[in-house]
Amino acid sequence: MSELLVERFETMPPQLQVAARFVLDHPQDVALMSMREQANQAGVSHSTMMRLARWLGLDGYEDMRSLYARALRERGVGEVGRSGSSPQQDPDYPAAGIAADTLAAQIASLGEYGSAMQFLAAAKLIAGSKTIFGLGFGSSRSVVSHFVQTVSPLLDEGRKAMFVADSHGAGAEALLDAGAGDVVLAVGFAPYERATIDFARQCASQGAAILAITDSSVSPLARMARETIVVTSNSSSFFPSMVPAFAAVEILVALAAPLGDVDAAEKLKQSQEQLAAFGVYWKAAR
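Each residue of the sequence shown is one higher than the one before, starting from -8 at the first, in the working numbering.
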């Protein structure tokens, strides 16, 4: 069903796209919540949810809920069918534990089959690239910076990773040479930074492959990407979480490492020794 939603997304009217994105981004809610609750969460009318089901060839929205409920049972994901009380229902459960459990569950979901296939395809793209550009602004900037720093030891002579740090002229200039054989890792979450979308689109038109880390399979980045890794930015607090995105880039680099000819650990060691010789690292006074 998710593949069908993605396939037909571009041809849907705007309101159906809003409903479809909710279904794609919140599959457990589709299985567990009523149609009216889902419509309220998505910001559309309940009749729009019904029209979405019919658009997909189903008799009604209950058919869609049944499909997602069955998938949820088969995967054993979520709280369905678990015995015992939930930590969220226990007033004595520490807030720190709830936040940590939420993040742990989000990271664990990256190992599920669908996500694993996304990572493997993305790792092959990274391993076969010439130049890798890291693109992302706002809260995504630190994720991209970490990726570029982490992936650099994997690259042999003639290959490099570049961090696009500026969303204005200098950033655009850094991407002028992006083309066939290059990969642009673009990271972005709603609300999407305009510069990230515009720069990625231009690079794609120049022949570069876009590798997106984003929050939806129908986000602006995903819709132009060669490969996409979907992660959540949901948080148990008021701010969006970047923890799943950081985990995603580390998984990506770990999977790409064995696909290359470089001894990444040895190269990293040599780099650290050179930096130490320049006095980059702090040393305790003797």
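Even glycine gets a Cβ: it sits at the ideal position worked out from N, Cα and C.
Just reading off the alpha helix (DSSP H) that residue i is part of, what are its end residues?
{"i": "Glu28", "result": "Met26 to Ala33"}
{"i": "Lys260", "result": "Ala255 to Ala268"}
{"i": "Met40", "result": "His37 to Trp46"}
{"i": "Ala247", "result": "Val234 to Ala247"}
{"i": "Phe230", "result": "Segment: none, Phe230 is in no alpha helix (DSSP H) and carries neither H nor E."}
{"i": "Tyr104", "result": "Tyr104 to Ala118"}
{"i": "Ser133", "result": "Arg132 to Val142"}
{"i": "Asp168", "result": "Unbroken run through Asp168: none, as it is neither H nor E."}
{"i": "Val21", "result": "Pro18 to Leu23"}
{"i": "Gln97", "result": "Ala86 to Ala99"}
Starting from the C-beta of residue i, find all residues in its chain whose C-beta is less than 8 Å away, skip the five residues before and the five after it, and write them out in chain order.
{"i": "Ala268", "result": "none"}
{"i": "Pro231", "result": "Ser130, Phe180, Ser224 and Asn225"}
{"i": "Leu259", "result": "Pro144"}
{"i": "Ile98", "result": "Val234, Pro235 and Ala238"}
Please report how far the alpha carbon of residue i lies from the alpha carbon of residue j, in whole angstroms.
{"i": "Arg217", "j": "Ile201", "result": "5 Å"}
{"i": "Ala96", "j": "Tyr272", "result": "35 Å"}
{"i": "Leu146", "j": "Val253", "result": "7 Å"}
{"i": "Ile242", "j": "Val155", "result": "21 Å"}
{"i": "Asp92", "j": "Met55", "result": "29 Å"}
{"i": "Phe229", "j": "Arg150", "result": "40 Å"}
{"i": "Ser133", "j": "Ser158", "result": "14 Å"}
{"i": "Glu53", "j": "Met26", "result": "8 Å"}
{"i": "Met153", "j": "Leu49", "result": "47 Å"}
{"i": "Gly105", "j": "Gly270", "result": "45 Å"}
{"i": "Ala191", "j": "Val175", "result": "7 Å"}
{"i": "Pro189", "j": "Leu(-5)", "result": "The amino acid occupying residue 189 in the given sequence is Asp; Pro does not appear at that position. Roughly 27 Å between the two C-alpha positions."}
{"i": "Glu1", "j": "Val209", "result": "9 Å"}
{"i": "Thr219", "j": "Leu15", "result": "14 Å"}
{"i": "Leu111", "j": "Arg45", "result": "34 Å"}
{"i": "Ala118", "j": "Gln140", "result": "16 Å"}
{"i": "Gln8", "j": "Ala186", "result": "23 Å"}
{"i": "Met(-8)", "j": "Val21", "result": "12 Å"}
{"i": "Ala163", "j": "Ala236", "result": "24 Å"}
For residue i, list the residues DSSP reports as bridge partners.
{"i": "Phe124", "result": "Met153 and Val175"}
DSSP three-state label for residue i, please.
{"i": "Ala203", "result": "strand"}
{"i": "Thr2", "result": "helix"}
{"i": "Tyr183", "result": "coil"}
{"i": "Val209", "result": "coil"}
{"i": "Gly75", "result": "Its pLDDT being 39, under 50, Gly75 is placed unreliably in this model, and the coordinates cannot settle the point."}
{"i": "Glu65", "result": "helix"}
{"i": "Leu189", "result": "The displayed chain sequence assigns Asp, not Leu, to residue 189. Helix, per DSSP."}
{"i": "Gly160", "result": "helix"}
{"i": "Val(-3)", "result": "helix"}
{"i": "Leu15", "result": "helix"}
{"i": "Gly129", "result": "helix"}
{"i": "Leu145", "result": "helix"}
{"i": "Ser224", "result": "coil"}
{"i": "Asp54", "result": "helix"}
Within a Cβ cutoff of 6 Å, which residues of the same chain sit near residue i, ignoring the five residues on either side of it in sequence?
{"i": "Ser74", "result": "Its pLDDT being 37, under 50, Ser74 is placed unreliably in this model, and the value from its coordinates should be taken loosely. There are no such residues."}
{"i": "Pro18", "result": "Tyr59"}
{"i": "Tyr183", "result": "Pro211"}
{"i": "Val135", "result": "Gly125, Gly127 and Val178"}
{"i": "Gln6", "result": "Val35 and Thr39"}
{"i": "Thr122", "result": "Lys151 and Asp173"}
{"i": "Leu246", "result": "Phe110 and Ala114"}
{"i": "Val234", "result": "Leu94"}
What are the boundary residues of the beta strand (DSSP E) that residue i is part of?
{"i": "Thr219", "result": "Glu218 to Val221"}
Take residue i and list the residues in its own chain whose beta-carbon comes closer than 7 Å to its own, dropping the five residues that flank it on each side.
{"i": "Ser36", "result": "Ala30"}
{"i": "Ala10", "result": "Ala33, Val35, Thr39, Met40 and Leu43"}
{"i": "Ala256", "result": "none"}
{"i": "Ser143", "result": "Ala152"}
{"i": "Arg12", "result": "Ser207 and Val209"}
{"i": "Gln197", "result": "Ala169 and Gly170"}
{"i": "Ser262", "result": "Pro144"}
Does the distance between the C-beta of residue i and the nearest non-hydrogen atom of the ligand NAP fall short of 7 Å?
{"i": "Ala156", "result": "As for the ligand NAP, it is missing from this structure, which has no ligand bound."}
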